[in-house]
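There are 2 protein chains.
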Amino acid sequence: MSIQSTIEAAASTLPPSLSRIAKAVRENPSVVIDKTINELADECRTSVASVVRFCRAIGFSGYAPLRMALATELGKEAAQFSARGAFGSEISDDDTLQEAVSKLASLELLAIEETVARLDFDVLEASIDMIDGAERILLYGIGASQFVAEDLAHKLLRVGRNAHVLADPHEAVAASVLQTAPTVAIGFSHAGSTIETLRFLETARAHGAGTIAVTSAKDSPLARAADHALFTEVRESSFRAGAMVSRIAQLTLVDCLFIGVAKRRFSETVDALQRTHDAMRALRD
Amino acid sequence: MSIQSTIEAAASTLPPSLSRIAKAVRENPSVVIDKTINELADECRTSVASVVRFCRAIGFSGYAPLRMALATELGKEAAQFSARGAFGSEISDDDTLQEAVSKLASLELLAIEETVARLDFDVLEASIDMIDGAERILLYGIGASQFVAEDLAHKLLRVGRNAHVLADPHEAVAASVLQTAPTVAIGFSHAGSTIETLRFLETARAHGAGTIAVTSAKDSPLARAADHALFTEVRESSFRAGAMVSRIAQLTLVDCLFIGVAKRRFSETVDALQRTHDAMRALRD
DNA sequence: AGACTCAACGAAAAGAATTTACACCGGACC
DNA sequence: GGTCCGGTGTAAATTCTTTTCGTTGAGTCT
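Here the protein sequences line up with chains V and Z, keeping their order.
Counting from 1193, one number per residue, gives the positions in the first sequence under our numbering.
Counting from 1193, one number per residue, gives the positions in the second sequence under our numbering.
Right under this line is the structure:
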């Protein structure tokens, strides 16, 4: 547990004098680093002895150890802050190439991080079950999402699953109607409102297929139309960066699905990957 | 500049006694945090006065400030380390789904970060120049790299550039031979040894096209065959995660290229994106 | 060679900061 | 009313840090 939250937790049980110190530290943790124990005591209108008591109360042996620990923790926070880099800022014409690239990278990093952080593992697990139990896996996406669908299909094919990317709306609907075996349909749409993808999932569902949506919009028609919905977390202020950041997040979800499916049949999968890998190498040499 | 590198830089000009301190600190920076100035002096078989001199020599006013600064810096490093999570560890059968997903996400985050960090902006700029000046942009990749090529082609098409993904080796070679206008050929290959992609770039180059390679292998035939080579930085111990992490890194480079090209003609690009966006929406409604 | 200079160094004094010891206050409980 | 006890500050003791100053030894000039 972090020092800050430890202080927070202890604050209520602290006597007045120590409580004042806690308040000062919570409001501005860097005072501990900048000021000596005497200065801090003065600032809180109390004695140095009480500051030492405060240190003990929150689990440190004295002022120096608290100082070090807090310095380390502040460093961590600073790192996390700076790692987020140029934040929320739109990529603009004025940016140098370096700036633009670093802004974009920040957005992509953030997208992966948040997508994974907010991933609902129950939904993921259920989706993986569905894919694992299916004889036929139908994938559909339009525009940038099409490549994502193709990417997943390619991965699944390489581990011996029957995955098909449907090229156009007609084929998509046709295939989703003709279901001879347990089928799962996966629709990709960033905005979640692409009409073709929505129809595809609806049709597939109407004919008994399991349905999975991959989108960024939690309250979208696509998400509602699917049995399970997996969400990307993308911060974008306009469509400009969207096609870049959103597909990275979608691919991250694809990887999560793939890993899950692969894990179900670990040795088979590894074996299959090895064989396709070897086969491709053989072609090459 | 970081403290550690400051010490590194100063180390050579330091007298023996201070140099011992520098060595101790470099080897294990946390000694400064854990030990008092006396203990550190003893450990380095020197006097406390010399430790103070050392602090001054590297730009601090005394031991305490160095301590705080170093604690903060170590905190940052720790944060970076922990943020990267389960590191270098292979995704294995024993992992829970959560563990596997978090390992994968770590690898992907790291890939984007390092790819951008080690990106050679001169090469990027030159590549962008080449694409910007070309009338025809030919792209080629096989397997997972194919989707990357398609992704870039799609983006370039949407801003009005003539980008073509070549479907097979024959078409690739044929197209690269028939060059009526300034042409640039971009080849994608993670390992950098895919023979078809190599032939494609070689043929295109032989017929006067500019060539760009996107690969992870710095010392690969593909990198050598191209005018400009952009490198992905991917840490992977086996092919298992490779197809996932490497394509994320490749897409990051694709985005860098696209941003660069888009910036050259900012208003046109934004306009084009807006119009294609509107057109697609019109189709939908 | 001898005297000088000067950087390097440590011992120890001086100065701060931190910790401990102790005494005081005020309320709760016999 | 007396006693106990948590909460508190003062001041002494301790520990840590900084400064001062003298010693050493290597290099240099006479």
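No residue lacks a Cβ here, since even glycine has one placed at the ideal position from N, Cα and C.
Bear in mind the structure is a predicted one, so any value in this text is a computation, not a measurement.
- For the pair Ala-1401 of chain Z and Ala-1336 of chain Z, the CB atoms are not nearer than the 8 Å cut-off.
- Ala-1398 of chain V and Thr-1198 of chain V have their C-alpha atoms some 53 Å from each other.
- Pairing Val-1446 of chain V with Val-1426 of chain V, the inter-Cα distance amounts to about 15 Å.
- Thr-1395 of chain V is classed as buried because its beta carbon has at least 16 other beta carbons within 10 Å across all chains shown.
- Under a 10 Å Cβ-count criterion, Gln-1338 of chain Z is classified as buried, with 16 or more other Cβ atoms of the shown protein chains found around its own Cβ.
- In this structure, Ile-1225 of chain V sits away from Val-1243 of chain V, with a CB-CB distance that is not shorter than 8 Å.
- Per DSSP, reduced to three states, the secondary structure at Arg-1397 of chain V is helical.
- Rounded to the nearest angstrom, the gap between the Cα atoms of Thr-1372 of chain Z and Glu-1342 of chain Z is 23 Å.
- At a cut-off of 8 Å between C-beta atoms, Leu-1316 of chain Z counts as an interface residue with respect to chain V.
- Leu-1414 of chain Z and Leu-1443 of chain Z do not touch by the CB rule: their CB atoms are close to 18 Å apart, not below 8 Å.
- One thing to note: Phe-1313 of chain V has its Cβ within 8 Å of the Cβ of Gln-1290 of chain Z.
- Excluding the 5 residues flanking it on each side, Ala-1441 of chain Z has same chain C-beta neighbours closer than 6 Å at Ala-1303, Thr-1307, Thr-1424 and Val-1426, in chain order.
- For Gly-1379 of chain Z, the three-state secondary structure derived from DSSP is strand.
- Cβ contact annotation for Gly-1251 of chain Z (same chain, cutoff 7 Å, sequence separation greater than five): Thr-1198, in chain order.
- When Cβ pairs closer than 8 Å are counted between the two stretches, the segment 1259-1267 of chain Z is seen to touch the segment 1258-1269 of chain V, the count reaching three or more.
- Here Val-1240 of chain Z has Ile-1229, Asn-1230 and Ala-1233 as same chain residues with Cβ atoms under 7 Å from its own Cβ, once five neighbours each way along the sequence are excluded.
- In terms of beta-carbon proximity, Ser-1294 of chain V lines the interface with chain Z, with at least one pair separated by less than 8 Å.
- In terms of beta-carbon proximity, Cys-1448 of chain V lines the interface with chain Z, with at least one pair separated by less than 8 Å.
- Of all residues in the segment 1342-1354 of chain V, the ones placed with a Cβ closer than 9 Å to any Cβ belonging to chain Z are Glu-1342, Asp-1343, His-1346, Lys-1347 and Arg-1350, in chain order.
- Distance from the CA of Leu-1358 of chain V to the CA of Leu-1331 of chain V, rounded to the nearest whole angstrom, comes to 6 Å.
- Residues of chain Z with a Cβ closer than 7 Å to the Cβ of Phe-1313 of chain V are, in chain order, Leu-1289 and Gln-1290.
- Neighbours of Ile-1195 of chain Z in chain V, taken as residues whose beta carbon is under 7 Å from its own, are absent, since the nearest beta carbon is some 11 Å off.
- DSSP links Thr-1407 of chain Z through a beta bridge to Z:Phe-1423.
- When the alpha-carbon of His-1362 of chain Z is set against those of Z:Leu-1348, Z:Leu-1210, Z:Leu-1393 and Z:Arg-1353, the nearest one is in Z:Leu-1393.
- Excluding its 5 nearest sequence neighbours in each direction, Val-1437 of chain V has C-beta neighbours in its own chain below 7 Å: Leu-1299, Glu-1300, Ala-1303, Val-1426 and Glu-1428, listed in chain order.
- In this structure, DSSP gives Gly-1267 of chain V a helical state, which the three-state scheme calls helix.
- Scanning its chain for C-beta atoms nearer than 8 Å, with the 5 sequence neighbours on each side dropped, one finds around Asp-1287 of chain Z the residues Lys-1295, in chain order.
- Among the CB atoms of chain V, none fall inside 8 Å of the CB of Thr-1395 of chain Z.
- Contact between Val-1453 of chain Z and Asp-1324 of chain Z holds, since their C-beta atoms are separated by about 6 Å, short of 8 Å.
- Chain-order list of chain Z residues neighbouring Phe-1339 of chain V: Phe-1339, Glu-1342 and Asp-1343, by C-beta distance under 7 Å.
- By the Cβ neighbour-count rule, Arg-1350 of chain V is buried, with 16 or more other Cβ atoms within 10 Å of its own.
- For Gly-1402 of chain V, the secondary structure class from DSSP, reduced to helix, strand or coil, is strand.
- Listed along chain Z, no residue sits closer than 8 Å to Leu-1331 of chain V by beta-carbon distance, the nearest being about 13 Å off.
- The secondary-structure analysis by DSSP pairs Gly-1333 of chain Z across a beta bridge with Z:Phe-1380.
- For Ile-1440 of chain Z, the chain V residues whose Cβ falls inside 7 Å of its Cβ are Ile-1440 and Leu-1443, in order along the chain.
- For Arg-1248 of chain V, DSSP assigns no beta-bridge partner whatsoever.
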